[in-house]
Amino acid sequence: MKLHFYVSVMCVVAGLAGQIENTYADDVNDFKPVYKLRTDNECWPTSPANGANSGECVTRSEYQATNVPVFWETYEENVNGKTHKLITYWNYYGDQNGCTTWDSGHADDWEAITVHVVNHELEHVTYWQHNGRYTKSADTIEKDGEHPIVYVGKYSHGNYHDQRSRASADSWTFLTGGYCYYWKDPRGPGETWSPVAQTLGLVGFDDVFPGSTNPNLRSERPHERTVCREDGGQVLAGIIDGTENTCERNPSYLQDETMTLQSLFYLNIY
């Protein structure tokens, strides 16, 4: 009798653990971004390969020949009886090409998208661009089902909620560094990328990416980052020149630069 009870309890525990694991898997896959990559990109997404692809500008055909993943991490809290999750998806480029004739670009480029999910409903999406970052309400963005559509910048690989055509004075804009400003980076519509999602734990803590810090080793986790940046402007040769206020792209209730992504859990709007 005791043995039967013990086995029954263990089965219940295992079942609950499986449900929790499946819930995470469902959220990660159900709200995974769908990326739009410009067909004239120079350097395409690739696997971090333990740092082996550092400095490699992967071509479109090389990208298409492999199943390039994104890597996810989560942060979760239960607030007022509701389960809030931040799921951040990291993707990697071996190299970032220059945004002007006098910019050399840099090796290694980790980019991110963060989704805020409440009880399995998408509420907010945060789009990252190197030092820039902004957050949109889920009901104001383009989606494929429940998957946020992300438009990727041609030069800086930043992630955005909208498209932007090349400037009418294209050559002059490139020559003078106009495309180095995040918001002016051409993006969309391009090739659709719906990557498989793998846990960030598969990127080794010892993996070295000289041009962009390993996401596992960053001093702040995504939930500790702010919903926007007042100085998320231009990058030349890896040097940040903060001249754009990304907070202006947020809804009015998210324009405080000191507000962290974790603070989204405590808004009185759910």
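Going letter by letter, the sequence shown gives residues 2 to 271 in this note's numbering. All residues carry an ideal CB built from backbone N, CA and C; glycine is no exception. On a predicted model such as this, the values are computed, not experimentally measured, just so you know.
Secondary structure remark: continuous alpha helix (DSSP H) runs of at least 4 residues inside the region 141-218, in chain order: 171-176. Looking from the CA of residue 254, the closest CA among 172, 75, 125 and 104 belongs to 125. In the structure shown, residue 27 adopts helical secondary structure according to DSSP, grouped into three states. Its chain contains 59, 61 and 64 as the residues whose beta carbon lies nearer than 6 angstroms to that of residue 45, once the 5 sequence neighbours on both sides are disregarded; these appear in chain order.
In the three-state reduction of the DSSP assignment, residue 108 falls in the strand class.
Residue 127 has 115 and 136 as its beta-bridge partners, per DSSP. In the structure shown, residue 95 adopts extended strand secondary structure according to DSSP, grouped into three states.
In the structure shown, residue 38 adopts extended strand secondary structure according to DSSP, grouped into three states. Proximity of the region 154-171 to the region 264-271 falls short of the contact definition, fewer than three beta-carbon pairs being nearer than 8 angstroms. Note that the region 33-41 touches the region 187-195; at least 3 beta-carbon pairs, one per stretch, sit closer than 8 angstroms. Residue 73 is positioned such that its CB atom lies no closer than 8 angstroms to that of residue 176.
As the crow flies, the alpha-carbon of residue 215 is around 8 angstroms from that of residue 111.
The C-beta distance from residue 208 to residue 56 rounds to 14 angstroms, too long to fall under 8 angstroms, and the pair is not in contact. Distance from the Cα of residue 252 is smallest, within the candidate group 186, 259 and 228, for 228.
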